[in-house]
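Using our numbering, you'd call the opening residue of the sequence shown number 5 and step up by one each time. We put the CB at the ideal spot given by N, CA and C, even for glycine. Values in this document were obtained by computation on a predicted structure and should not be read as measured data. To start, the structure itself, in structure tokens.
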Amino acid sequence: MRPVAGATDSAIWFFGGDGATEGPPPEELLGGKGAGLVRMSRLGLPVPPGFIITTEAARALREDGAPPPELERAIDAALDGLQAASGRRLGDAQRPLLLAVRSGAAQSMPGMMETLLDVGINPATAAAMAGDDETDGRFAWDCLRRFAQGYGQAVRGLPAHLFDEEWETWCERAGGDDAALSADDLRDMALRYLELIHRETGRPLPSDPRRQLKEAIIAVARSWESEKARAWRALHDVADDVGTAVIVQAMVFGNRDAASASGVAFSRDPSTGQQVMFGEYLPAAQGIDVVEGLRTPLPISEAMRRASGLDVTPLERLMPDAFAELRAHLRQVEAHHQAVQEVEFAIERGRLWLLQTRDARLSAAATVRVLRDMAAEGLIGRRDAIARLDPVTLERLLHARVDEERAAPPIARGLPASPGAVCGQAAFSVGEALRLKVLERDVVLIRPETSPDDVRGIHAARGVLTSRGGMTSHAAVIARGLNMPCVTAADIAIDEDRGEMTASGVTIRRGDWITIDGASGRVYAGRAPLRPVNIDAPLATLLGWADEVRRLRVRANADTAGDIAAARDLKAEGVGLLRIEWMFLDDDGAALMQRMILAADADERQSAAARLRRLIAGQLEGVLRAGAARPLTLRLLDLPLAAFLPADARSEERCAAALGVTVAALHERLERLQVESLRLGLRGARLYLDQPWVLQTQLAAIFDALAAVADHGPPPELEILVPMVMGGREFAQLRGRIDATATRMLPDALRDSLPVGAMIELPRAAIRAAAIAAHADFLSFGTNDLTRAALGLRREEAAEIAGLYVENALMNGDPFMTLDEHGVGALMRYACGTARRARPDIVLAVCGDHAADPASIAAFAAMDMDYISCAPPRLPVARLAAARAAV
5 MRPVAGATDS AIWFFGGDGA TEGPPPEELL GGKGAGLVRM SRLGLPVPPG
55 FIITTEAARA LREDGAPPPE LERAIDAALD GLQAASGRRL GDAQRPLLLA
105 VRSGAAQSMP GMMETLLDVG INPATAAAMA GDDETDGRFA WDCLRRFAQG
155 YGQAVRGLPA HLFDEEWETW CERAGGDDAA LSADDLRDMA LRYLELIHRE
205 TGRPLPSDPR RQLKEAIIAV ARSWESEKAR AWRALHDVAD DVGTAVIVQA
255 MVFGNRDAAS ASGVAFSRDP STGQQVMFGE YLPAAQGIDV VEGLRTPLPI
305 SEAMRRASGL DVTPLERLMP DAFAELRAHL RQVEAHHQAV QEVEFAIERG
355 RLWLLQTRDA RLSAAATVRV LRDMAAEGLI GRRDAIARLD PVTLERLLHA
405 RVDEERAAPP IARGLPASPG AVCGQAAFSV GEALRLKVLE RDVVLIRPET
455 SPDDVRGIHA ARGVLTSRGG MTSHAAVIAR GLNMPCVTAA DIAIDEDRGE
505 MTASGVTIRR GDWITIDGAS GRVYAGRAPL RPVNIDAPLA TLLGWADEVR
555 RLRVRANADT AGDIAAARDL KAEGVGLLRI EWMFLDDDGA ALMQRMILAA
605 DADERQSAAA RLRRLIAGQL EGVLRAGAAR PLTLRLLDLP LAAFLPADAR
655 SEERCAAALG VTVAALHERL ERLQVESLRL GLRGARLYLD QPWVLQTQLA
705 AIFDALAAVA DHGPPPELEI LVPMVMGGRE FAQLRGRIDA TATRMLPDAL
755 RDSLPVGAMI ELPRAAIRAA AIAAHADFLS FGTNDLTRAA LGLRREEAAE
805 IAGLYVENAL MNGDPFMTLD EHGVGALMRY ACGTARRARP DIVLAVCGDH
855 AADPASIAAF AAMDMDYISC APPRLPVARL AAARAAV
């Protein structure tokens, strides 16, 4: 085949014949399909010859509706070369060349753009091809019928149902089976299709093959602008200006006769990743019949047939030579692409042809197994395997489940709308969910059904439970998008006014713990035990390789001994954030805090403080023991005192009774405290300066617990983290008090190895990081609060505001999910740089939700952070993302 220009910048690329275009095939010009055809032809594989109109050249076809003169001349020259390579001519009655015209975007858009087959046929050509043989006649007239329908829909814009109704009518006449249609039936049907086009559009289908080709090329190029293609690109974040190439290729016919077939084959099983050929085929059919599911395909191999239990003939038995050749070609093309390949093929009169190849879409489990196996086989390197494992793919493997062997029976069942299991406190309205979220509680939002008005509540929750709706309901769709467990249509009765639900005679009230399993659809009262994330052998191997190359250390955020155990199983390198407030917020702890806050005198406060110290120390012992011999960062209380005070009439009555005073007397005490002033940011470091007893009570409990654990075994490498720090002198004062208490309470061995750090969660703290670092052993960035303060946004507002800004091209996404690099990221980079200059050995860490976001982790690695800390279920993703940042 003689090229038009022969250079890689030509508007036309040739493949599969003499004079094929040289140079690396650029996917941005040729599309994924076109580049794959070029590569296969260069490997010497049996590929029908053809040419590709590049994305740049095809843009003119979309915009002008016709090729410019120079492109038209190039297409004519390309067609001459294709005719020479194939030994056939367009419109020739004896040796007709029929063409396939396909789209080819850089990113596969399956089924979103047009394809026209059998271009170049007309009634005269079909009659010559048919001759007097019934088999040839069925084939020839079926080609004309298929082309007429494709042309009518793609070029003239006719709806598919006009042709489908005709098809169904003819099939019914033949007894309901298209295989029973005779050559005469197919001829009459094809001519009927031509009449339909003329009648509906006022213009006949052109009989000139070159005009057919020109119109087909323009239609395929312009299908990039179709409504369904635009919708697909919007859904998959593909730019509208990329465009599609147009591929013109000699047809081969899997529907020629009984020795012909079409199918799709994978070089490995796309579901399991096993190294076995996988695929389906149809005898005497065109590829579109397989791809579009027009007929039920057959298994390609005997092994697949046995697994299916079907009494059918696999390709391996029907055409053993073609099957063996296909298997060899699959291995070759996989080795070249170094990825599992999905290949469309046709067999015409026993001869195998490969029509296209692309990287296969694999299940998450298959992806992991394939990467592990290919690295072991030497096809790819370990670092390449890590780089190829998308964290989103890994996420799909890491959903928690309820441990049904240890859990009590479920109280309700519903539809498993979004996988994963979660324990949370029940909230029956958006407002309740938001209030609990502010207190950093895990929330399960329970609604009859959800609507767009509930989105803020869903974002605040860890899981969603509804009594109505299905697998495609609003709740299900939103939850799956957020990777959040969801159960819909559960057999529960919800009383929104009372804030409670009932199931199996059990009542769950607002604030009660409930567990949902979005994979099984089961609902449990209380905190059901969860089964740890299952890391199978292939994934464990890949994560082990990831650990070898990453520089960022990865710790876990934990609240309980169980969390720490789960984190250890998932290879966390310690605990990066343990929040002590959970121990203050249970019923006993909260009641004692109320006594201390509302104490009438110093003696009453001291008595409550002693009891609270014993309570917290007892709870801490188990947690510290679980973290033995590893780093454990314990963050001091980060709530305002107002969080412990009664918020409504009922809680005031309970509080007054506990204190042994009247409600009126309680009101007097609250007024003396000036409660409103307690709500205005008096928390963390500020609270400890204003109310030293809050700090001292915590330190006493912490050091009691640490000493008790050390008496019976190795203690954790405890680190104390002070929240809400604003500046260096403030932190220095508090550090002095912590060190003094440690000196008084702890033996030298524990006291001398007690790092104290500051939480950087305020913009001023980031700006004053050097001054803080002068007195701190480490700085831990709380990116949730830092984002909130820097952007002036509450978490529950972020989705709505971010949506507005994304829509107006002012923001890339939700800044609470992925770090705002230009704002919050700039603050962090400044803080890291000044802190390192002030104290080169300072340890820098991140413990916010961003520490599990792959894009944010890459930014943290660039900032030279020492470690990140995230929730235990996200540890595998964080380990992988940290490694990808390194490779």
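In whole angstroms, give me the CA-to-CA distance for residue i and residue j.
i, j, result
"Val224", "Pro100", "22 Å"
"Ala705", "Ala660", "27 Å"
"Val372", "Leu543", "6 Å"
"Glu949", "Leu162", "Nothing about residue 949 can be reported from this structure: the residues present for the chain run from 5 to 891 only."
"Ala613", "Thr745", "16 Å"
"Ser681", "Leu547", "Note on Ser681: pLDDT 48, under 50, position unreliable in the model; the coordinate value appears next. Straight-line Cα distance between these residues: approximately 49 Å."
"Val850", "Gln153", "60 Å"
"Phe151", "Asn816", "44 Å"
"Ala268", "Gly291", "Ala is not the amino acid found at residue 268; the sequence shown has Val there. So the alpha carbons of these two residues sit roughly 8 Å apart."
"Phe143", "Ala263", "13 Å"
"Ala886", "Leu783", "19 Å"
"Ala632", "Glu625", "11 Å"
"Val726", "Asp743", "13 Å"
"Gln345", "Phe864", "35 Å"
"Phe167", "Ala194", "10 Å"
"Leu758", "Pro751", "11 Å"
Looking only at C-alpha atoms, which of the options sits nearest to residue i?
i, options, result
"Gly54", "Ala770, Ala88, Asp458", "Ala88"
"Asp607", "Asp551, Arg676, Trp697, Ile620", "Trp697"
"Val468", "Val491, Ser455, Asp68, Val242", "Val491"
"Ala404", "Leu34, Pro489, Asp363, Thr454", "Pro489"
"Arg106", "Ala64, Ala220, Gly85, Phe18", "Ala220"
"Asp377", "Met832, Ala479, Arg272", "Arg272"
"Gly515", "Glu656, Ala507, Gly530", "Gly530"
"Val316", "Leu393, Leu334, Tyr285", "Tyr285"
"Leu703", "Leu738, Gly20, Val374", "Leu738"
"Arg676", "Ile601, Asp140, Val627, Met730", "Ile601"
"Glu804", "Thr205, Leu198, His463, Gln278", "His463"
"Phe18", "Ser112, Ala82, Val891", "Ala82"
"Ala97", "Ala132, Ala647, Leu65, Ala164", "Ala132"
"Ile125", "Asp212, Thr58, Ile201, Met44", "Asp212"
"Gly283", "Pro303, Gly38, Ala762, Gly277", "Pro303"
Round the Cβ separation of residue i and residue j to the nearest angstrom and send it over; I've been treating them as touching at under 8 Å.
i, j, result
"Arg191", "Trp145", "4 Å"
"Ser305", "Glu320", "5 Å"
"Leu574", "Ile872", "Between Ile872 and Leu574 the Cβ distance is about 14 Å, and since that is not below 8 Å, they are no contact."
"Val760", "Asp781", "6 Å"
"Glu352", "Phe270", "Contact flag wrong, Cβ pair sits at about 22 Å."
"Pro414", "Arg526", "4 Å"
"Ala830", "Ile861", "Contact flag wrong, Cβ pair sits at about 18 Å."
"Ala289", "Ala265", "7 Å"
"Leu884", "Leu358", "No, Leu884 and Leu358 are not in contact; Cβ-Cβ is about 34 Å, not under 8 Å."
"Ile56", "Ala249", "5 Å"
"Leu596", "Arg615", "6 Å"
"Ala104", "Leu86", "Actually they do not touch by this definition, with Cβ atoms about 12 Å apart."
"Leu356", "Ala332", "No, Leu356 and Ala332 are not in contact; Cβ-Cβ is about 10 Å, not under 8 Å."
"Ala709", "Ala621", "4 Å"
"Leu581", "Asn561", "4 Å"
Per DSSP, residue i is paired with what?
i, result
"Asp521", "Ala425, Arg526"
"Cys874", "Ala560"
"Glu409", "Note: Glu409 sits in no beta bridge, so no partner."
"Glu348", "Val268, Gln360"
"Tyr285", "Gly267, Leu302"
"Thr637", "Glu723"
"Gln342", "Its beta-bridge partners do not exist; DSSP assigns none."
"Leu419", "Thr492"
"Thr506", "Ala497, Thr511"
"Val105", "Leu120, Val252"
"Ala430", "Val448"
Is the Cβ of residue i closer than 8 Å to any Cβ of chain B?
i, result
"Glu656", "Of the protein chains in this structure there is only one, and it is not chain B."
Alpha helix (DSSP H) runs wholly inside the region 117–165, at least 4 long, in chain order: 127–134, 138–158
Beta strand (DSSP E) runs contained entirely in the region 161–238, provided each spans 3 or more residues: none
Would you mind listing the alpha helix (DSSP H) stretches within the region 546–632 that are 4+ residues and don't spill past its ends, in chain order? 565–573, 585–589, 591–601, 606–630
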